[in-house]
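*Asks:* If you scroll down you'll find the structure; I have some questions about it.
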């Protein structure tokens, strides 16, 4: 799903387990050992900007190119994320220093940028683009040092260090554009323990860059492609004037440092970029609040129900003079099938499909199987799992459709297999057309789109039909009371029993449990951060399931007490109330956190947000519906009805 795009990442539980082991490594993350002077390949991934949300491939800008450009074969997740991994002309060898070297093959002849190329570079600098490179599958990071708000004496001693992904393409000063044309690579290696006679082996454990802008005249290049860097104080930056041709040199230097960081912990730098204490505090806070509220709700509902059931059963024993009231009154209508049973069962089937997919993905990621070095693994897994979970979605939808007195099972199965995926595919296709128009690498290529359609109609559709067939043939859910021939009249409802008020009330608790996590997920999706806290996410998912179920039970209980038996659709809508708050939060995030001003990036943001909200509504609505259905069957089975 596109909204999961861009970087849901890995918890490093597995990598912590790897500290003492050489025999076991997570799939796709086996270490590469280098000897002295072995080539370490630097590859480019893409250019990204949180202002435009449109990734571009590296050679969309006039960087120096190698003699032969080769693209890495990519998995589905990488293609959907817009990664286009390609080789670069940087020559880096293990533990070999380079003071300054010219990148393109003409040392005395500078690169000339045409007016069009200069305009393009200036536009990308204005849009705040970052360049992402990788060495030994480790992404490049820029070190940011700053003083924290400590006491004055401590300030002198200690700086806080943070890293940002990639490096800035350039910077602006007033209305002038400056390009970072010199890259100082700092690579850290860890020396591995070997036998005495053997040649020492090294592993790359960190990849940093210091980008600099140095004017052509200050870079003195010789015949052998060597250059000398000017003194830091005396050099002028390389300006890019978008109104004329520009001449410049692309140069780089390489510095190696030994590090104590073991290979298994090399991703820690990238994954501890945000304040973990805030995270812990917020999660514990959410857990305490939710379980406290859940306990109160459960006590109230159980005590009230016991009293109700005892009263109803006592009334039957003594005499029938007392008039029935409350939820027992609607026993003859509570299981009356709702309108549009096929659509309801189809949406619930898709909800089950989503629930199974999300549960398995978070659990597998929590165990560390979807490591950050296997790029796109998470999205690929999510796509395939959604297809294969069609069999469960179909089964639950078919059984519910049979219970709701439906007969056209083939049409119901087709509806389940195409309704939600069709909406997702339609929105993505429209957004993709806009991305194509911008020539971004984020556009899904036509062959990939055909492959996704083949997966949908070749895997998901038959599996949904299979599940639906068995679900429809299975005994329908056993309802404990008979439905009357004539529907009962529903009394006028109070204002607070309105659907929209119900959505607002029911959404607060589940949203409150997860909104801090939502901030981290949004940062991962829209601001190119890594997301790896899947242990936390699993906990939050469990809390979400518990709170959705309980709120749904409370809402359906109040509805039945008000003698309104039309609970099927209403429970599904109201249980998904937290999706409304997710939408409000997404708008708040857009206005306050993101610096998006153009039309197409805004369209992409709200298009993907709409998919996120729809999927979240289906997920929470389904959880709430099944909890309420079990509750209703339980309470009507507990009272004696003549």
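In my numbering, the protein residues as written are 851 to 1492.
Each residue gets a CB set at the ideal place from its N, CA and C atoms; glycine is no exception.
Suppose only complete runs of 4+ residues qualify. What are the alpha helix (DSSP H) ranges in the stretch 1379 to 1438, listed by chain order?
*Replies:* For the stretch 1379 to 1438, whole alpha helix (DSSP H) runs of length 4 or above, ordered along the chain, are 1384 to 1411, 1418 to 1425.
*Asks:* Are the CB atoms of residue 1318 and residue 1247 within a distance shorter than 8 Å?
*Replies:* Here residue 1247 is taken as the residue at index 397 of the chain shown, counted from 1. Here residue 1318 is taken as the residue at index 468 of the chain shown, counted from 1. Yes, the pair counts as a contact, with Cβ atoms nearer than the cut-off.
*Asks:* Would you mind sorting residue 923 into buried or exposed? The rule is 16 or more other CB atoms within 10 Å of its CB.
*Replies:* The residue you call residue 923 lines up with position 73 of the chain shown. Label assigned to residue 923: exposed.
*Asks:* Could you tell me the boundaries of the beta strand (DSSP E) in which residue 1034 lies?
*Replies:* To locate residue 1034, count along the chain shown from 1; it is residue 184. Its beta strand (DSSP E) spans residues 1032 to 1041.
*Asks:* Going by DSSP, what residue range makes up the alpha helix (DSSP H) through residue 1252?
*Replies:* Counted from its first residue, the chain shown places residue 1252 at position 402. Residue 1252 -> alpha helix (DSSP H) spans 1240 to 1253.
*Asks:* Residue 895: buried (16+ other C-beta within 10 angstroms of its C-beta) or exposed?
*Replies:* In the chain shown, residue 895 corresponds to position 45, counting from 1. Label assigned to residue 895: buried.
*Asks:* Less than 8 Å between the CB atoms is what I'm expecting for residue 1053 and residue 1282, so what's the real figure, rounded?
*Replies:* As a position in the chain shown, residue 1053 is number 203, starting the count at 1. As a position in the chain shown, residue 1282 is number 432, starting the count at 1. 39 Å between Cβ atoms; not a contact.
*Asks:* What does DSSP give as the partner residues of residue 1187 in its beta bridges?
*Replies:* Within the chain shown, the letter at position 337 stands for residue 1187. DSSP lists no partner for residue 1187.
*Asks:* Which term fits residue 1069, buried or exposed, when burial requires 16 or more other beta carbons within 10 angstroms of its beta carbon?
*Replies:* Locating residue 1069 in the chain shown gives position 219, counting from the first residue. That one is buried.
*Asks:* Out of curiosity, what's the CA-to-CA distance linking residue 1205 and residue 1386?
*Replies:* What you label residue 1205 is simply residue 355 of the chain shown in a count that begins at 1. What you label residue 1386 is simply residue 536 of the chain shown in a count that begins at 1. Approximately 17 Å between the Cα atoms of the pair.
*Asks:* Less than 8 Å between the CB atoms is what I'm expecting for residue 1497 and residue 991, so what's the real figure, rounded?
*Replies:* A question about residue 1497 goes unanswered here, because the residues of the chain that appear run from 851 up to 1492.
*Asks:* How far does the alpha helix (DSSP H) with residue 1311 in it reach, from first residue to last?
*Replies:* Start at 1 with the first residue of the chain shown, and residue 1311 comes out as number 461. 1311 to 1323 is the extent of the alpha helix (DSSP H) around residue 1311.
*Asks:* Please report the straight-line C-alpha distance between residue 938 and residue 1473, rounded to a whole angstrom.
*Replies:* Here residue 938 corresponds to residue number 88 of the chain shown, with the count starting at 1. Here residue 1473 corresponds to residue number 623 of the chain shown, with the count starting at 1. One C-alpha to the other measures close to 49 Å.
*Asks:* In the DSSP assignment, what residue or residues form a beta bridge with residue 884?
*Replies:* Residue mapping note: residue 884 aligns to position 34 of the chain shown, counting from 1. Note: residue 884 sits in a beta bridge opposite 1052.
*Asks:* Under the rule that 16 or more other beta-carbon atoms within 10 Å means buried, what is residue 1249, buried or exposed?
*Replies:* Taking the chain shown and counting its residues from 1, one reaches residue 1249 at position 399. Buried, because 16 or more other Cβ atoms sit within 10 Å of the Cβ of residue 1249.
*Asks:* Considering only C-alpha positions, which residue in the set 1076, 1026, 1040, 1103 is nearest to residue 1062?
*Replies:* If you number the chain shown from 1, residue 1062 lands on position 212. That would be 1103, whose Cα lies nearest to the Cα of residue 1062.
*Asks:* What's the C-alpha gap between residue 1487 and residue 1405?
*Replies:* Here the question's residue 1487 lines up with position 637 in the chain shown. Here the question's residue 1405 lines up with position 555 in the chain shown. In a straight line, the C-alpha of residue 1487 is about 19 Å away from that of residue 1405.
*Asks:* So, helix, strand or coil for residue 1110, using DSSP?
*Replies:* Start at 1 with the first residue of the chain shown, and residue 1110 comes out as number 260. In this structure, residue 1110 counts as coil in the three-state DSSP scheme.
*Asks:* Taking Cβ positions, are residue 1359 and residue 1140 nearer each other than 8 Å?
*Replies:* The count along the chain shown starts at 1 and reaches residue 1359 at position 509. The count along the chain shown starts at 1 and reaches residue 1140 at position 290. In contact: residue 1359 and residue 1140 (Cβ atoms closer than 8 Å).
*Asks:* Can you pull the DSSP bridge partners for residue 1020?
*Replies:* Translated into positions along the chain shown, residue 1020 becomes position 170. In the DSSP output, where bridge partners are listed per residue, residue 1020 has 1029.
*Asks:* Whole angstroms are fine: how far does the CA of residue 1394 sit from the CA of residue 1076?
*Replies:* By one-based count along the chain shown, residue 1076 stands at place 226. By one-based count along the chain shown, residue 1394 stands at place 544. Spanning the two alpha carbons is a distance of roughly 60 Å.
*Asks:* Three or more C-beta pairs under 8 Å: does that hold for the stretch 1441 to 1449 against the stretch 1211 to 1230?
*Replies:* No: the two stretches stay apart, fewer than three of their Cβ pairs being nearer than 8 Å.
*Asks:* Does the separation of the CB atoms of residue 1147 and residue 1485 fall below 8 Å?
*Replies:* As a position in the chain shown, residue 1147 is number 297, starting the count at 1. As a position in the chain shown, residue 1485 is number 635, starting the count at 1. Not a contact, by the Cβ cut-off of 8 Å.
*Asks:* Could you pull the start and end residues of the beta strand (DSSP E) that residue 898 belongs to?
*Replies:* The residue you call residue 898 lines up with position 48 of the chain shown. Note, residue 898: beta strand (DSSP E), 892 to 898.
*Asks:* Using DSSP with H/G/I as helix, E/B as strand and the rest coil, what is residue 937?
*Replies:* What you label residue 937 is simply residue 87 of the chain shown in a count that begins at 1. DSSP places residue 937 in strand when its eight states are reduced to three.
*Asks:* Note down the Cα distance separating residue 1201 from residue 917, rounded to an integer number of angstroms.
*Replies:* Position 351 of the chain shown, counted from the start, is the residue given in the question as residue 1201. Position 67 of the chain shown, counted from the start, is the residue given in the question as residue 917. Roughly 51 Å between the two C-alpha positions.
*Asks:* On a CA-only basis, which of 1375, 1230, 1325, 1196 is nearest residue 1264? Give me that one, please.
*Replies:* Here the question's residue 1264 lines up with position 414 in the chain shown. With distances taken between Cα atoms, residue 1264 lies closest to 1196.
*Asks:* By DSSP's criteria, residue 951 is part of a beta bridge. Which residues make up the other side?
*Replies:* Position 101 of the chain shown holds residue 951. The partner list for residue 951 (beta bridge, DSSP) reads 1076, 1102.
*Asks:* Output needed for residue 1079: all residues of its chain with C-beta closer than 6 Å, excluding positions within five of it in sequence on either side, in chain order.
*Replies:* The residue labelled residue 1079 in the question sits at position 229 within the chain shown. Correct list, in chain order: 950.
*Asks:* Can you give me the Cβ contacts of residue 974 inside the same chain, cut-off strictly under 6 Å, excluding the 5 residues immediately before and after it?
*Replies:* As a working note, residue 974 is residue 124 in the chain shown. Excluding sequence neighbours, residue 974 sits near 1019.
*Asks:* Give the single residue among 1391, 1374, 1416, 1095 whose Cα lies nearest to the Cα of residue 1341.
*Replies:* Residue 1341 sits at position 491 when you count from the first residue of the chain shown. Closest by alpha carbon: 1416.
*Asks:* Closest by CA to residue 1310, which one among 1236, 1159, 928, 1465?
*Replies:* Within the chain shown, residue 1310 is the residue found at index 460, counting from 1. Comparing Cα-Cα distances from residue 1310 to each of 1236, 1159, 928, 1465, the minimum goes to 1236.
*Asks:* If we ignore side chains and look at the alpha-carbon of each, how far apart do residue 1479 and residue 1203 end up?
*Replies:* The residue given as residue 1479 occupies position 629 in the chain shown. The residue given as residue 1203 occupies position 353 in the chain shown. Cα-Cα distance, rounded: 18 Å.
*Asks:* When the distance is taken between beta carbons, is residue 1033 closer than 8 Å to residue 1106?
*Replies:* The sequence position of residue 1106 within the chain shown is 256, counting from 1. The sequence position of residue 1033 within the chain shown is 183, counting from 1. In this structure, residue 1033 does not lie closer than 8 Å to residue 1106 by Cβ.
*Asks:* Answer yes or no: do residue 907 and residue 942 have a C-beta to C-beta separation smaller than 8 Å?
*Replies:* Indexing the chain shown from 1 puts residue 907 at position 57. Indexing the chain shown from 1 puts residue 942 at position 92. No, these two residues do not count as a Cβ contact at 8 Å.
*Asks:* Roughly how many whole angstroms lie between the Cα atoms of residue 1328 and residue 1254?
*Replies:* Start at 1 with the first residue of the chain shown, and residue 1328 comes out as number 478. Start at 1 with the first residue of the chain shown, and residue 1254 comes out as number 404. Roughly 11 Å between the two C-alpha positions.
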